[in-house]
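Chemist:
There are 4 protein chains.
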Amino acid sequence: MNVRSLNKNLYICQINERSFSNGQNNNSNIMQVRGKVKDKKGAILNAALTLVTKYGLHGISMKMIAEEADIAAGTIYVHFKNKEEMLASLFSNITSEINLLVEELYSPDKLFKDNFIRIWSEVLKTYINDQRMPDFINQYAYSASDNRSYREQLLTPVYGLLEQARRDGIVKQLPLPGLIALIHGPLISLVRMTRDSDVLSKDIDVNIYAEACWNAISAH
Amino acid sequence: MNVRSLNKNLYICQINERSFSNGQNNNSNIMQVRGKVKDKKGAILNAALTLVTKYGLHGISMKMIAEEADIAAGTIYVHFKNKEEMLASLFSNITSEINLLVEELYSPDKLFKDNFIRIWSEVLKTYINDQRMPDFINQYAYSASDNRSYREQLLTPVYGLLEQARRDGIVKQLPLPGLIALIHGPLISLVRMTRDSDVLSKDIDVNIYAEACWNAISAH
Amino acid sequence: MNVRSLNKNLYICQINERSFSNGQNNNSNIMQVRGKVKDKKGAILNAALTLVTKYGLHGISMKMIAEEADIAAGTIYVHFKNKEEMLASLFSNITSEINLLVEELYSPDKLFKDNFIRIWSEVLKTYINDQRMPDFINQYAYSASDNRSYREQLLTPVYGLLEQARRDGIVKQLPLPGLIALIHGPLISLVRMTRDSDVLSKDIDVNIYAEACWNAISAH
Amino acid sequence: MNVRSLNKNLYICQINERSFSNGQNNNSNIMQVRGKVKDKKGAILNAALTLVTKYGLHGISMKMIAEEADIAAGTIYVHFKNKEEMLASLFSNITSEINLLVEELYSPDKLFKDNFIRIWSEVLKTYINDQRMPDFINQYAYSASDNRSYREQLLTPVYGLLEQARRDGIVKQLPLPGLIALIHGPLISLVRMTRDSDVLSKDIDVNIYAEACWNAISAH
DNA sequence: AATGAATGAGCATTCATTCAT
DNA sequence: AATGAATGAATGCTCATTCAT
Numbered sequence: 001m002n003v004r005s006l007n008k009n010l011y012i013c014q015i016n017e018r019s020f021s022n023g024q025n026n027n028s029n030i031m032q033v034r035g036k037v038k039d040k041k042g043a044i045l046n047a048a049l050t051l052v053t054k055y056g057l058h059g060i061s062m063k064m065i066a067e068e069a070d071i072a073a074g075t076i077y078v079h080f081k082n083k084e085e086m087l088a089s090l091f092s093n094i095t096s097e098i099n100l101l102v103e104e105l106y107s108p109d110k111l112f113k114d115n116f117i118r119i120w121s122e123v124l125k126t127y128i129n130d131q132r133m134p135d136f137i138n139q140y141a142y143s144a145s146d147n148r149s150y151r152e153q154l155l156t157p158v159y160g161l162l163e164q165a166r167r168d169g170i171v172k173q174l175p176l177p178g179l180i181a182l183i184h185g186p187l188i189s190l191v192r193m194t195r196d197s198d199v200l201s202k203d204i205d206v207n208i209y210a211e212a213c214w215n216a217i218s219a220h
Numbered sequence: 001m002n003v004r005s006l007n008k009n010l011y012i013c014q015i016n017e018r019s020f021s022n023g024q025n026n027n028s029n030i031m032q033v034r035g036k037v038k039d040k041k042g043a044i045l046n047a048a049l050t051l052v053t054k055y056g057l058h059g060i061s062m063k064m065i066a067e068e069a070d071i072a073a074g075t076i077y078v079h080f081k082n083k084e085e086m087l088a089s090l091f092s093n094i095t096s097e098i099n100l101l102v103e104e105l106y107s108p109d110k111l112f113k114d115n116f117i118r119i120w121s122e123v124l125k126t127y128i129n130d131q132r133m134p135d136f137i138n139q140y141a142y143s144a145s146d147n148r149s150y151r152e153q154l155l156t157p158v159y160g161l162l163e164q165a166r167r168d169g170i171v172k173q174l175p176l177p178g179l180i181a182l183i184h185g186p187l188i189s190l191v192r193m194t195r196d197s198d199v200l201s202k203d204i205d206v207n208i209y210a211e212a213c214w215n216a217i218s219a220h
Numbered sequence: 001m002n003v004r005s006l007n008k009n010l011y012i013c014q015i016n017e018r019s020f021s022n023g024q025n026n027n028s029n030i031m032q033v034r035g036k037v038k039d040k041k042g043a044i045l046n047a048a049l050t051l052v053t054k055y056g057l058h059g060i061s062m063k064m065i066a067e068e069a070d071i072a073a074g075t076i077y078v079h080f081k082n083k084e085e086m087l088a089s090l091f092s093n094i095t096s097e098i099n100l101l102v103e104e105l106y107s108p109d110k111l112f113k114d115n116f117i118r119i120w121s122e123v124l125k126t127y128i129n130d131q132r133m134p135d136f137i138n139q140y141a142y143s144a145s146d147n148r149s150y151r152e153q154l155l156t157p158v159y160g161l162l163e164q165a166r167r168d169g170i171v172k173q174l175p176l177p178g179l180i181a182l183i184h185g186p187l188i189s190l191v192r193m194t195r196d197s198d199v200l201s202k203d204i205d206v207n208i209y210a211e212a213c214w215n216a217i218s219a220h
Numbered sequence: 001m002n003v004r005s006l007n008k009n010l011y012i013c014q015i016n017e018r019s020f021s022n023g024q025n026n027n028s029n030i031m032q033v034r035g036k037v038k039d040k041k042g043a044i045l046n047a048a049l050t051l052v053t054k055y056g057l058h059g060i061s062m063k064m065i066a067e068e069a070d071i072a073a074g075t076i077y078v079h080f081k082n083k084e085e086m087l088a089s090l091f092s093n094i095t096s097e098i099n100l101l102v103e104e105l106y107s108p109d110k111l112f113k114d115n116f117i118r119i120w121s122e123v124l125k126t127y128i129n130d131q132r133m134p135d136f137i138n139q140y141a142y143s144a145s146d147n148r149s150y151r152e153q154l155l156t157p158v159y160g161l162l163e164q165a166r167r168d169g170i171v172k173q174l175p176l177p178g179l180i181a182l183i184h185g186p187l188i189s190l191v192r193m194t195r196d197s198d199v200l201s202k203d204i205d206v207n208i209y210a211e212a213c214w215n216a217i218s219a220h
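These protein sequences, in sequence, are chains A, B, C and D.
Quick note on full-length UniProt numbering: the first sequence kicks off at 1 and runs consecutively.
Quick note on full-length UniProt numbering: the second sequence kicks off at 1 and runs consecutively.
Quick note on full-length UniProt numbering: the third sequence kicks off at 1 and runs consecutively.
Quick note on full-length UniProt numbering: the fourth sequence kicks off at 1 and runs consecutively.
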């Protein structure tokens, strides 16, 4: 599966049901065949994602989400047990999305460095394409001190790849979380920076930052 | 100024008034000369910092802060206009602290790389020593989309240093925010990682990560 | 009509339609002739009765009742106009049941005292046999101050019997409601007490309490 | 202490602080010396008692209570942890009141029967004087199936007296809860009856009912 | 008749803030 | 300066009821 086809599957529900549409295209009509199906669950998650980005995790209420999703407040509780589980579900969808992207981009028959550059670049592009994603990830995963398990959901497949590379002496002999920090930290920061200034405009720039991160973890 | 002398200046208020004591040493006696003065303002900020780390920015109330600081709820409003300004004041204190550290550690007569390694390492050590600092920075600066001005308070003095280095061809020809992302992103990520696992234990490790970040931004 | 035959008529609807089955025998088959008809109305009332006993009148929702009755929430509104009327219907069924019992047990050719002892004892046994009945009666009839009409539905046939006995000088010259209080008050209290402790275990005990109540109202 | 002085102490708080005024006299000025003290806690309990009687335990909301007590909704939570504890506190106050009355009226040097008649009559008068009391007791103690401990708070001192009388062969050899049922059941029922009809009008009537109850439990 | 998603008013409770003391 | 009782708007959530299927 290539990157282009991924866009079609952005934010796939765990049961393969589209839950919320891309930020740029809120009126997805995939679920509205015959003008009947209204994807309320997707609308709720999409509204929550938009509002968390705008007002922060502690700045949104269930009423705000309902209004943004254009449904009644009580409807959220038809689809989710409570606010906490709704946000957990949203986080889960986003991390699944990223993890899926990583898995699909990895080519076992290519050099690790080439894989790294490609995956890192595509994740960055995905983040920049819908900045609500990294924004939500950052706020949710670190909103309280006991969210470690949520943090670990993200980039799980990357752990395996990095471990092999370290064993092969390709990357520095550092603990995996340390290597992840050198990779994912700049990723999140760069997305934030793009909101404030104009750091990345052309595709070529992405590769420069990917190379920079590679320099950080490379054994040589 | 060396690192030791820094401890005396930890958390200095912008108007040079000590607002809250070091995490390890909550009973700072500087404001308690003559055994009379109780630093209520500092106690409030210190309590807020502790609780935000513990329960998240959206998990604390003014009452909780008052209880943690062992004062009455109304007293907070004697010292701060409202919750928002109290948190802004806290953020300001912390960023001032970090910026001051950077300025004091910079030696114009040393190599830029040596300055970088030293400053980056000491900032990381400071963050790890009182993790409430990076924790609060992260939660506060990105809690809503309009906190850009707060984000820019942090690392202001670094901009000047980086700009010179870029002009000298020492670091990559990238926009300053991009370079900052490659430097500060891993910093924040590493601190977070240390809470979950045991990434950094010895001083020597810090230098490895500092070198890794240097590799990321270095022109060569 | 004797007690045994009563079981067949437990919880008869006022329009002579079985609404809910006996607590001990939830799968009454009377309404299920030809294996087709499912007594949803009876299942709803039976579920409501069980849940009111368990969680109190203010502790149950229509959804809980639907779940207990194993039907959809909306189905309740097929059979009842709203919650209020459903509960009124339940109360009506129960009082009809008790009133029917009283009427059937009365033998005009026996001594009033003997009739009293027998009827009082059988009502008590009926209450103890399915404590949900007195429990619901008590909670429903006194849940608000304007339920007087509901209260008066209960023991209506007893009024006639007592009036005659008073005229005959057999019982004390007190207002009928006063005599009812001396009779039905201990009845309800005893049922409650049996839930907390082990007041009544053998049949012989019932007669002792019946005699005690007779002593309370007897003219001598 | 005689009955008259009791009226002054109706609904005494456990810490001897008047919490709510008599139903007939809602504007007690005892706590409003110097026009300063506003007994908000008492006003809340008084409002709750009135409304439970009027609309039933499940018919009142915290907002209704606040409005009846003429305070803000949030104020209730200044004085009580939550609704449950507020109601428990109200029940506790009322049962304390009744238990205190029983203890004060008992004269060890009089015949048990005389004590019984007097105490029973005075409790009935107290109930009739403020019918909100028995109304609330009845609704609260049996609102759910796990309120046994609350039920046992009521009439605790009566248990001791009855036990002695039974040992002396003065009353029937029945379990104490059974004797209580024969005594307290009619009490509650009579109060209810007085609301619907005109059962008791003169003081002399009370004694007739007291004698009737005595006949129910008397050994002879 | 039966369903269950959807509704929105209403609920208990929390909370930032005020103000009389 | 410090207090903490009081406030009332706002919150997360529940629930009786409706209605398209």
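Don't be surprised by glycine CBs; every beta carbon is placed ideally from N, CA and C.
Could you please tell me which residues of the stretch 157–172 of chain C, in chain order, have their CB closer than 9 Å to any CB of chain D?
Modeler: If the cut-off is 9 Å between Cβ atoms, the stretch 157–172 of chain C has Lys-172 near chain D.
Chemist: Pull up the CB-CB distance for D:Leu-179 and D:Leu-162, whole angstroms please, since I reckon it's below 8 Å.
Modeler: At roughly 5 Å, the Cβ-Cβ gap stays under 8 Å, so D:Leu-179 and D:Leu-162 are in contact.
Chemist: Since A:Ile-71 and A:Trp-120 should fall inside the 8 Å C-beta cutoff, what is the C-beta to C-beta distance between them, to a whole number of angstroms?
Modeler: About 38 Å separates the two Cβ atoms, so there is no contact after all.
Chemist: Return the bridge partner residues of residue 227 of chain A from the DSSP annotation.
Modeler: Coverage of chain A is limited to positions 1 through 220, which leaves residue 227 of chain A absent and any answer about it impossible.
Chemist: Mind checking if C:His-58 is an interface residue toward chain D, Cβ cutoff 7 Å exclusive?
Modeler: So, interface residue.
Chemist: Please tell me whether C:Val-171 and C:Ala-219 are closer than 7 Å, where the distance is taken between their beta carbons.
Modeler: Yes, these two residues count as a Cβ contact at 7 Å.
Chemist: Kindly list the residues whose CB is nearer than 6 Å to the CB of D:Pro-157, restricted to its own chain and excluding five residues on each side of it in sequence; keep chain order.
Modeler: Counting only Cβ-Cβ distances below 6 Å, and skipping sequence neighbours, we find Asn-99, Val-102 and Glu-103.
Chemist: Determine the DSSP secondary structure at C:Val-199, reduced to helix, strand or coil.
Modeler: Note: C:Val-199 maps to coil in three-state DSSP.
Chemist: Which of helix, strand or coil does DSSP assign to A:Ser-121?
Modeler: Correct three-state label for A:Ser-121: helix.
Chemist: Just list the residues that DSSP pairs B:Ser-218 with in beta bridges.
Modeler: B:Ser-218 pairs with B:Val-171.
Chemist: At 7 Å on the CB atoms, spell out the chain A contacts of B:Asn-215, in chain order.
Modeler: Under the 7 Å cutoff, chain A gives Asn-215 and Ala-216.
Chemist: In the structure shown, what three-state DSSP assignment does C:Lys-107 receive?
Modeler: The question names Lys, but residue 107 of chain C is Ser in the sequence shown. DSSP places C:Ser-107 in coil when its eight states are reduced to three.
Chemist: Quick one: does D:Tyr-150 have its CB under 7 Å from some CB of chain C?
Modeler: No - not a single Cβ of chain C is within 7 Å of the one on D:Tyr-150.
Chemist: In terms of residue numbering, what span does the alpha helix (DSSP H) encompassing A:Tyr-140 cover?
Modeler: Element bounds for A:Tyr-140: 132–141.
Chemist: Which residue wins for smallest C-alpha separation from B:Asp-114, given the options B:Leu-174, B:Glu-152 and B:Ala-165?
Modeler: B:Asp-114 has its Cα closest to that of B:Ala-165, out of B:Leu-174, B:Glu-152 and B:Ala-165.
Chemist: Determine the burial state of C:Tyr-127: buried for a count of at least 16 other Cβ atoms within 10 Å of its Cβ, exposed for fewer.
Modeler: The residue in question, C:Tyr-127, is buried, as its Cβ has 16 or more Cβ neighbours within 10 Å.
Chemist: If I measure Cβ to Cβ from C:Ala-210 and keep anything under 7 Å in the same chain, skipping five residues before and after, which residues do I get?
Modeler: Same-chain partners within the cutoff: Ile-117, Trp-120 and Ser-121.
Chemist: What residue range does the alpha helix (DSSP H) around A:Gly-56 cover?
Modeler: No alpha helix (DSSP H) contains A:Gly-56, which DSSP labels as neither H nor E.
Chemist: Is the shortest distance between the beta-carbon of D:Gly-23 and the beta-carbons of chain C less than 7 Å?
Modeler: Confidence at D:Gly-23 is low in this model, with a pLDDT of 38, below 50, so its placement is unreliable and the value that follows should be read with caution. Taking Cβ atoms only, chain C never reaches closer than 7 Å to D:Gly-23, which makes this a no.
Chemist: How is B:Asp-114 classed by DSSP in three states: helix, strand or coil?
Modeler: It is helical.
Chemist: For chain A, find out if any of its Cβ atoms is closer than 7 Å to the Cβ of B:Pro-186; answer yes or no.
Modeler: Closer than 7 Å: yes.
Chemist: State buried or exposed for A:Tyr-150, treating a residue as buried only when at least 16 other CB atoms are found within 10 Å of its CB.
Modeler: So A:Tyr-150 ends up on the buried side.
Chemist: Give me the chain B residues within the contact set of A:Asp-196, using Cβ-Cβ distance strictly less than 8 Å, ordered along the chain.
Modeler: In chain order: Arg-148, Arg-151, Glu-152 and Pro-177.
Chemist: Could you tell me whether the Cβ of A:Met-193 comes closer than 7 Å to any Cβ of chain B?
Modeler: It does; some Cβ of chain B falls within 7 Å.
Chemist: In this structure, how does DSSP classify C:Ser-96 when only helix, strand and coil are distinguished?
Modeler: Residue state, collapsed to three classes: helix.
Chemist: For a contact defined as C-beta to C-beta under 8 Å, what are the partners of B:Ile-208 on chain A?
Modeler: In chain order: Lys-172 and Leu-174.
Chemist: Is there a Cβ from chain D that is less than 7 Å from the Cβ of C:Leu-100?
Modeler: So no, C:Leu-100 is outside the interface.
Chemist: Using the beta-carbon of each residue, which ones in chain C are nearer than 7 Å to D:Ala-181?
Modeler: Within 7 Å Cβ-Cβ: Pro-186, Ser-189, Leu-190 and Met-193.
Chemist: Can you grab the Cα-Cα spacing for the pair C:Asn-138 / D:Ala-43, in whole Å?
Modeler: Their Cα atoms are separated by approximately 29 Å.
Chemist: Using a Cβ-Cβ cut-off of less than 7 Å, give me the residues of the UniProt domain "HTH tetR-type" (38–98) of chain C that come near chain D, in sequence order.
Modeler: Listed by position, the residues of the UniProt domain "HTH tetR-type" (38–98) of chain C near chain D (Cβ gap below 7 Å) are Thr-53, Lys-54, Tyr-55, Gly-56, Leu-57, His-58 and Gly-59.
Chemist: Once DSSP output is grouped into helix, strand and coil, what is the label at D:Ala-181?
Modeler: D:Ala-181: helix per DSSP, three-state reduction.
Chemist: Are the Cβ atoms of A:Leu-155 and A:Val-206 separated by less than 7 Å?
Modeler: Result no, Cβ atoms of A:Leu-155 and A:Val-206 do not sit closer than 7 Å.
Chemist: Could you tell me whether the Cβ of residue 229 of chain A comes closer than 7 Å to any Cβ of chain B?
Modeler: Summary: the structure shown does not reach residue 229 of chain A, with chain A confined to residues 1 through 220, and so no result is reported for it.
Chemist: Quick check: the Cα distance between C:Ile-94 and C:Leu-45, rounded to an integer number of angstroms?
Modeler: Cα to Cα, C:Ile-94 sits roughly 11 Å from C:Leu-45.
Chemist: Between which two residues does the alpha helix (DSSP H) carrying B:Ala-66 extend?
Modeler: Taken as a continuous stretch (DSSP letters only), the alpha helix (DSSP H) holding B:Ala-66 covers 62–69.
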